[in-house]
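The structure appears below as structure tokens.
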Amino acid sequence: MRARAVRAADGATLAEHLPEATAAGVIQRRETALDVALLCGTPGRRAERAEAALRQGRHLFLEWPPAASVGEAERLAAHAEEAGAEVGVSRPLRFHPLFAALPRGAHVGTVSVQQDVERAGDGRNAVSPFRARLADALDLSVALAGAAGDEGPAAGRRAGRSVTYLDAQAVRAADGARFEALLAGLRFASGTYAQVAVRRGLTGAPRRRLRAAGHGGFQLGAALDAPGVRVRSGDARDEPRDPSPSSGDGAFLGALRRRETRAFLGALQAGRPAPVSLLDAVAVMRLTERLLRQVR
7 MRARAVRAAD
17 GATLAEHLPE
27 ATAAGVIQRR
37 ETALDVALLC
47 GTPGRRAERA
57 EAALRQGRHL
67 FLEWPPAASV
77 GEAERLAAHA
87 EEAGAEVGVS
97 RPLRFHPLFA
107 ALPRGAHVGT
117 VSVQQDVERA
127 GDGRNAVSPF
137 RARLADALDL
147 SVALAGAAGD
157 EGPAAGRRAG
167 RSVTYLDAQA
177 VRAADGARFE
187 ALLAGLRFAS
197 GTYAQVAVRR
207 GLTGAPRRRL
217 RAAGHGGFQL
227 GAALDAPGVR
237 VRSGDARDEP
247 RDPSPSSGDG
257 AFLGALRRRE
267 TRAFLGALQA
277 GRPAPVSLLD
287 AVAVMRLTER
297 LLRQVR
């Protein structure tokens, strides 16, 4: 899905699915005609390849999480600053149509994010699905805490990072090895209050929903796996619709991933900062760790 977005970019040439040894050599050779590296793989390997690319001044786009730890991500951010390179991080939900549906200039007063996690899969992934869903929910809260209805996916870069109050409770499985549910309340410096709930699903498809409300009487509701957004406001605004595909077999998430890839490449071409930067990602990683420390 990323490759499709790169192929569609004006003037872009794509080299993809390189063998491990070839990829390492391409990244490390300064004379290679490579401007941007889009890196996946495990978090540890991703960070290793990212450091090599930054030494050659490459711009980067990294999957989530950008590194295996907060400290490693902070080192990457320092290397990127030294190299003068832009590093974007995959946060597809920042491109959900809910951001475009916010009334212009609106301040979000309250946010509620519910994330269900499938019970299967924890042992098969390098990144815990529970932790990934928690990071998604916190990232959306951060973005909406700084949103003003017209800032797009970069919303939250200022006010959202400062959390003035944090409280969390968690329920662990009988063996104590993993979380069954986690509920957190956060107050941001912008005045926004967010409630985040992550739980392991009981039956049926996992639910992922967001609700927000703000001054002027507006209310917003969205399913995070689908494009529909409901907005109620003082002017009785109609429900917006997005032309993206439905949520079937991940089509909607794929559309968001292509959208964020195009936005990153477009920002590079225009000389603008990455829509969702490594510094944004580091802030969310820190907040996730802070919350998890509180419930351990």
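In my numbering, the protein residues as written are 7 to 302.
We put the beta carbon where it would ideally sit given N, CA and C, even for glycine.
Ordered along the chain, which non-local residues of its own chain (more than five positions away) have a Cβ less than 7 Å from that of residue i?
i	result
Leu188	Leu140, Ala174, Ala176, Val204 and Val301
Ala56	Leu45, Leu66, Leu68 and Leu82
Taking 8 Å as the threshold (C-beta atoms), are residue j and residue i in contact?
i	j	result
Val169	Leu192	yes
Val119	Ser147	yes
Ser239	Pro103	no
Leu297	Leu216	no
Leu274	His65	yes
Leu82	Val290	no
Could you please give the first and the last residue of the uninterrupted alpha helix (DSSP H) stretch that includes residue i?
i	result
Arg173	At residue 173 the sequence reads Asp, which differs from the Arg that was named. No alpha helix (DSSP H) contains Asp173, which is instead part of the beta strand (DSSP E) from Val169 to Arg178.
Val76	Val76 to Ala89
Arg275	Checking the displayed sequence, the identity of residue 275 turns out to be Gln instead of Arg. Its alpha helix (DSSP H) spans residues Ala257 to Ala276.
Val282	It is not in any alpha helix (DSSP H) - Val282 carries neither H nor E in the DSSP assignment.
Based on Cα-Cα distance, which residue from the options lies nearest to residue i?
i	options	result
Ala218	Thr116, Arg51 and Ala74	Thr116
Arg206	Val42, Glu78, Phe136 and Ala89	Phe136
Leu259	Gly277, Ser196, Gly223 and Ala229	Ala229
Ala232	Ala257, Phe224 and Gln225	Ala257
Gly234	Arg214, Ala179 and Gly223	Arg214
Phe194	Gly277, Glu186 and Leu293	Leu293
Gln201	Gly277, Asp142 and Leu82	Asp142
Gly227	Arg125, Ala106, Val42 and Gly277	Ala106
Ala112	Gly277, Arg299, Gly272 and Ser196	Ser196
Arg184	Arg125, Gly277, Ala276 and Phe224	Arg125
For residue i, which residues of its own chain have a beta-carbon under 6 Å away from its beta-carbon, when the five flanking residues on both sides are left out?
i	result
Pro249	Below a pLDDT of 50, predicted positions are generally treated as unreliable, and Pro249, at 47, falls in that range; the measurement from the model is reported next regardless. Same-chain partners within the cutoff: there are none.
Pro71	Pro49
Val114	Leu150, Ala153, Thr198, Ala218 and Gly220
Ala69	Reading off the sequence shown, one finds Glu at residue 69, where the question assumed Ala. Same-chain partners within the cutoff: Cys46 and Ser96.
Phe101	Pro159, Leu262, Arg265 and Glu266
Phe67	Leu44, Gly94 and Phe270
Glu78	Ala53
Glu186	Val177, Ala179 and Arg206
Ala190	Ala174, Val202 and Leu297
His121	In the sequence as displayed, the identity of residue 121 is Gln instead of His. Only Arg139, Ala143, Val204 and Arg214 meet the Cβ criterion.
Ala74	Pro49 and Gly50
Pro212	Asp122 and Glu124
Gln225	Ala219 and Arg238
Gly182	none
Val42	His65
Keeping to the same chain, check which residues put their C-beta closer than 8 Å to that of residue i; ignore five residues upstream and five downstream.
i	result
Glu80	Val288
Glu295	Val76
Gly90	Gly63
Arg299	none
Along the beta strand (DSSP E) that carries residue i, what are the first and last residues, could you check?
i	result
Thr198	Unbroken run through Thr198: none, as it is neither H nor E.
Ser118	Val114 to Val123
Glu69	Here Glu69 belongs to no beta strand (DSSP E), and DSSP marks it neither H nor E.
Val95	Val93 to Val95
Arg193	Phe185 to Phe194
Does the region 267–283 come into contact with the region 87–102, if we say contact requires no fewer than three beta-carbon pairs (one atom in each stretch) closer than 8 Å?
Under the Cβ criterion (8 Å, minimum of three pairs), the region 267–283 counts as touching the region 87–102.
Cβ contact check for the region 47–60 and the region 74–87: 3 or more pairs under 8 Å
Touching, yes.
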